[in-house]
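Everything in the sequence shown is counted per our numbering, starting at 0 for the first residue and increasing by one.
Beta carbons are placed, not taken as given, at the ideal position from N, Cα and C, and that holds for glycine.
Okay, so here's the structure we're looking at.
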Amino acid sequence: MRAIEIVRPGGPEVLEWREVPDPRPEQGQVVIEVAAAGVNRADVLQRKGFYDPPPGAPPYPGLEVSGVVAEVGAGVPGFAPGDEVCALLAGGGYAERVAVPWEQVMPVPEGVPLVDAAALPEVACTVWSNVFMLARLRKGETLLVHGGASGIGTFAVQLAKALGSQVVTTAGSEAKLRRLRELGADETINYREQDFSDLVRADVILDIIGGPYLAGNLKALNPGGRLAIIALQGGAKAEIDLGVLLTKRASVHGTTLRARPVEEKGVIVRSVADNVWPLVGAGAVRPVVHARVPMSDAAEAHRMLDSGEHIGKILLVR
């Protein structure tokens, strides 16, 4: 088969479409003939040499795919060749085929085109596991989403609204803020012009910035609030005022998804299929796709992501 290999750490130009060995399904795995793969910030970090795949994962980038089951290994329940699926991966999505534990595979939600389903696994599992399973956002509470125009942000806005929460989100341009209001955001904040911590009080905050936003996030939390930090785009270090944390009876959670054991990912994937997919099938939540780029031109997709001008997901399409 062919896959995108990172020939050396560097810019988008180091991504090359090459012949590589075909995957074979091991015990408990399925092989998916890939229709499309989602492009994520983690792929950029891997390309730059900062985020190696966990042990046993394919060396090629790509944390989510959609496609058709091609082969099924021993001990796989519920899947058969020909099934249309999408999957959460530890790596290897930028390829014509990928082997993945069956626990991380989901049916394509009703009404979603097969290609566009590649925009769902990573964002759905990240948002559901952090905002709802961990931070326990409840109906009527307020969610603040930083980086609302990202794939994760556009999904979080829709899902929280569909489940009855108030949603505030930040973005850096009027075009992005307008699109987020169309997706259901109750309030939008231009972080280039306004300080979110002066404008909003939230019960749950989903943060991708990290260090520079920590003080502002704590200020913006309501008593009993929960902060979920899922990325460190602004930096990893900050001082924390423990007095604020104690006074507000707040909690701070830091999580990643890629390196979790298969069993943990399986719990999240099954919960997403049970709780989120019906909302997607009903049209209350939909994948937001900015661009579909040929997989062989992954470098162009990474340039789009690096520019920061996209809204939603960028997909690599076979």
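Same chain, Cβ closer than 6 Å to residue i, neighbours up to 5 away in sequence not counted
i: G146; result: G152, I207
i: R7; result: V13
i: S128; result: I267
i: A116; result: S65, C85, V107
i: D21; result: M0
i: R225; result: A134, V203, S250
i: A230; result: I207
i: E25; result: G72
i: A237; result: G210, L213
For residue i, three-class secondary structure by DSSP
i: I267; result: helix
i: T125; result: helix
i: L244; result: helix
i: L88; result: coil
i: P22; result: coil
i: A79; result: coil
i: V251; result: strand
i: E262; result: helix
i: V203; result: strand
i: L133; result: helix
i: G10; result: coil
i: A118; result: helix
i: G234; result: strand
i: G209; result: strand
Buried versus exposed call for residue i [16 or more other C-beta atoms within 10 Å across all chains shown]
i: K312; result: buried
i: F195; result: buried
i: K175; result: buried
i: D197; result: exposed
i: L314; result: buried
i: S149; result: buried
i: H252; result: exposed
i: G61; result: buried
i: K264; result: buried
i: T168; result: buried
i: R96; result: buried
i: P52; result: buried
i: E140; result: buried
i: P286; result: buried
i: D42; result: buried
i: A79; result: exposed
Cα-Cα separation between residue i and residue j, rounded to whole angstroms
i: V144; j: E102; result: 29 Å
i: P164; j: A36; result: Per the sequence shown, the amino acid found at residue 164 is Ser instead of Pro. Cα-Cα distance, rounded: 30 Å.
i: H309; j: M303; result: 7 Å
i: E121; j: L87; result: 6 Å
i: A214; j: L44; result: 26 Å
i: G77; j: I239; result: 47 Å
i: A201; j: E70; result: 46 Å
i: G55; j: N221; result: 42 Å
i: L162; j: V292; result: 32 Å
i: K47; j: T125; result: 23 Å
i: L241; j: F49; result: 31 Å
i: A184; j: E192; result: 18 Å
i: Y93; j: G171; result: 29 Å
i: A89; j: R178; result: 31 Å
i: R23; j: K247; result: 52 Å
i: L119; j: V243; result: 36 Å
i: V68; j: V261; result: 19 Å
i: L217; j: A235; result: 16 Å
i: S295; j: I3; result: 7 Å
Extent of the continuous alpha helix (DSSP H) run through residue i
i: P293; result: No alpha helix (DSSP H) contains P293, which is instead part of the beta strand (DSSP E) from 288 to 293.
i: G150; result: 150 to 161
i: Q45; result: 40 to 46
i: A298; result: 297 to 306
i: A94; result: From DSSP, A94 is part of no alpha helix (DSSP H); its letter is neither H nor E.
i: L213; result: 213 to 219
Delimiting residues of the beta strand (DSSP E) encompassing residue i
i: G66; result: 63 to 71
i: G282; result: Counting along the chain, G282 falls outside any beta strand (DSSP E), and DSSP gives it neither H nor E.
i: A174; result: Run containing A174: none in the beta strand (DSSP E); it sits in the alpha helix (DSSP H), 173 to 181.
i: I5; result: 1 to 5
i: M105; result: 104 to 106
i: E186; result: 186 to 189
i: V198; result: Note on identity: in this sequence residue 198 is Leu, with Val being the wrong assignment. That residue, L198, is in no beta strand (DSSP E); it is neither H nor E in DSSP.
i: L143; result: 141 to 144
i: V275; result: It is not in any beta strand (DSSP E) - V275 carries neither H nor E in the DSSP assignment.
i: V316; result: 312 to 316
i: Q165; result: 165 to 170
Spatial neighbours of residue i in its chain, beta-carbon cut-off 8 Å, leaving aside the 5 residues before and after
i: V130; result: L136, L142, A155, L158, A159, V203, L205, A227
i: M132; result: I267, S270
Contacting residues, own chain, Cβ-Cβ under 7 Å from residue i (five flanking each side not counted)
i: Q232; result: I207, I208, G209
i: A123; result: F154, V271, V275
i: G27; result: G72, G74, V75, P100, W101
i: G280; result: P108, E109, G110
i: R180; result: T187
beta-carbon residue i near the ligand PLP non-hydrogen atom, thresh 7 Å
i: E12; result: Looking at this structure, you won't find the ligand PLP or any other ligand, since it has none at all.
Any chain C beta carbon closer than 8 Å to residue i
i: Q232; result: In the displayed structure, chain C is absent; only one protein chain is listed.
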